[in-house]
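Residue numbers (my numbering): 15 to 249.
Okay, structure coming up:
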């Protein structure tokens, strides 16, 4: 079965018109942050790796060339850049358009670009989880939370409400890209959509999801917001 990794990096914010999105910056080893985000996993298990970006950011910051150079440097021969012409309404729509544009089949693992963790990515329905109490700095209002039963199955996932000690760590796996697309098409008119909404709808239809217990979690998104708050405070 085909297994693809998708990294959506197509968020559109007003400040990105003047400033490079921080996930395209370099870490201390000179690796682009959104690429570092996937390096805690065994990338050789994926047939293809897709980084989805916006055309206007690509034109302004030459992102395709930068990412391609990094792919070569890091030996990510199966990685490619997908360029969307216009911003999407949500992360699920970005994933949906990537699947349709690239004719992706089989299982997909979706990885957020603003965090890091280690795990074994298996091609089955799953949600990456990490215990809230093991974080030294976190804004619990910015997370989705995952309830897990005694048999280690996901029973619930919900945005911005602490229903469990586990929060979603920024990784989602769907064993069928076609099924993901069917659920997106069913739900996309319901307002702003999160991946948790799609997973919840699948749980209601008795689809099984396993929690993916990750290690070495780093929340760059929260750290970036904290730094920006400090900068704005002392302006």
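Every residue, glycine too, gets a C-beta built ideally from N, C-alpha and C. Because the structure is a prediction, the values reported are computed rather than measured.
By a C-beta neighbour count over all protein chains shown, 10 Å radius and 16 as the cutoff for buried, is residue i buried or exposed?
{"i": "residue 126", "result": "buried"}
{"i": "residue 79", "result": "exposed"}
{"i": "residue 128", "result": "buried"}
{"i": "residue 112", "result": "buried"}
{"i": "residue 189", "result": "buried"}
{"i": "residue 176", "result": "exposed"}
{"i": "residue 51", "result": "buried"}
{"i": "residue 15", "result": "exposed"}
{"i": "residue 53", "result": "exposed"}
{"i": "residue 184", "result": "buried"}
{"i": "residue 68", "result": "buried"}
In whole angstroms, what is the alpha-carbon distance linking residue i and residue j?
{"i": "residue 18", "j": "residue 141", "result": "16 Å"}
{"i": "residue 66", "j": "residue 27", "result": "16 Å"}
{"i": "residue 57", "j": "residue 200", "result": "31 Å"}
{"i": "residue 226", "j": "residue 212", "result": "17 Å"}
{"i": "residue 83", "j": "residue 61", "result": "20 Å"}
{"i": "residue 198", "j": "residue 229", "result": "29 Å"}
{"i": "residue 31", "j": "residue 178", "result": "38 Å"}
{"i": "residue 194", "j": "residue 134", "result": "21 Å"}
{"i": "residue 81", "j": "residue 34", "result": "14 Å"}
{"i": "residue 137", "j": "residue 120", "result": "9 Å"}
{"i": "residue 148", "j": "residue 206", "result": "30 Å"}
{"i": "residue 104", "j": "residue 55", "result": "25 Å"}
{"i": "residue 44", "j": "residue 156", "result": "28 Å"}
{"i": "residue 208", "j": "residue 114", "result": "19 Å"}
{"i": "residue 158", "j": "residue 85", "result": "31 Å"}
{"i": "residue 234", "j": "residue 146", "result": "15 Å"}
{"i": "residue 46", "j": "residue 217", "result": "35 Å"}
{"i": "residue 220", "j": "residue 173", "result": "20 Å"}
Considering only their Cβ atoms, is the gap separating residue j from residue i smaller than 8 Å?
{"i": "residue 59", "j": "residue 21", "result": "no"}
{"i": "residue 232", "j": "residue 130", "result": "yes"}
{"i": "residue 180", "j": "residue 143", "result": "yes"}
{"i": "residue 122", "j": "residue 191", "result": "yes"}
{"i": "residue 63", "j": "residue 92", "result": "yes"}
{"i": "residue 132", "j": "residue 24", "result": "no"}
{"i": "residue 139", "j": "residue 223", "result": "yes"}
{"i": "residue 202", "j": "residue 107", "result": "yes"}
{"i": "residue 182", "j": "residue 160", "result": "yes"}
{"i": "residue 38", "j": "residue 77", "result": "yes"}
Contact criterion: CB-CB distance below 8 Å. Does residue i meet it with respect to chain C?
{"i": "residue 45", "result": "Annotation note: the requested chain C is absent from the structure, which comprises a single protein chain."}
Under the criterion of a Cβ to heavy atom distance below 7 Å, does residue i qualify as lining the ligand ADP?
{"i": "residue 160", "result": "Among the components of this structure there are no ligands whatsoever, and the ligand ADP is therefore not found."}
Query raised in the report: Residue ranges of each beta strand (DSSP E) run of no fewer than 3 residues wholly in the segment 95-173, ordered along the chain?
Result: If only uninterrupted beta strand (DSSP E) runs of at least 3 residues are considered, those enclosed by the segment 95-173 are 121-125, 129-132, 140-145, 158-162 and 168-173.
Report task. Evaluate contact between the segment 164-175 and the segment 90-110, counting only Cβ atoms and requiring at least three cross-stretch pairs below 8 Å. Result -> Contact between the segment 164-175 and the segment 90-110 is absent: fewer than 3 CB-CB pairs across the two stretches fall below 8 Å.
Report task. Output the residue ranges of the beta strand (DSSP E) runs that lie fully inside the segment 15-42 and measure 3 residues or longer, sorted by chain position. Result -> The qualifying runs are 17-22.
Query raised in the report: Fully enclosed by the segment 179-248, which beta strand (DSSP E) runs are 3 residues long or longer?
Result: Runs of the beta strand (DSSP E) inside the segment 179-248: 180-188, 224-227 and 229-233.
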